[in-house]
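K.L.:
The structure under discussion is supplied below as structure tokens; questions concerning it will follow.
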Amino acid sequence: MMPDRKAFNGLSKGQNRRDLGRLCKKQVQLQNVLRTIFQF
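Residue numbers for the sequence shown follow the numbering used here, beginning at 516 and rising by one.
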């Protein structure tokens, strides 16, 4: 049971990291759009 849990934790960590990367990219894109609209 423990090895399965460990493997699952590793998987979820990788997934979270990927989602974080995607979120950061979205945020950067959003900032760029806002900059072009409002000329920051």
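Each residue gets a CB set at the ideal place from its N, CA and C atoms; glycine is no exception. The model shown is predicted, which means the values in this text are computed figures rather than measured ones.
(1) Tell me the DSSP secondary structure of Q554 in three-state form.
(2) Output the distance between the C-alpha atoms of R532 and C539, rounded to the nearest integer angstrom.
(3) Do you know offhand how far S535's Cα is from Q554's?
P.N.:
According to the structure data:
(1) It is coil, neither helix nor strand.
(2) For R532 and C539, the distance between alpha carbons rounds to 11 Å.
(3) Reading off the sequence shown, one finds Leu at residue 535, where the question assumed Ser. So the alpha carbons of these two residues sit roughly 27 Å apart.
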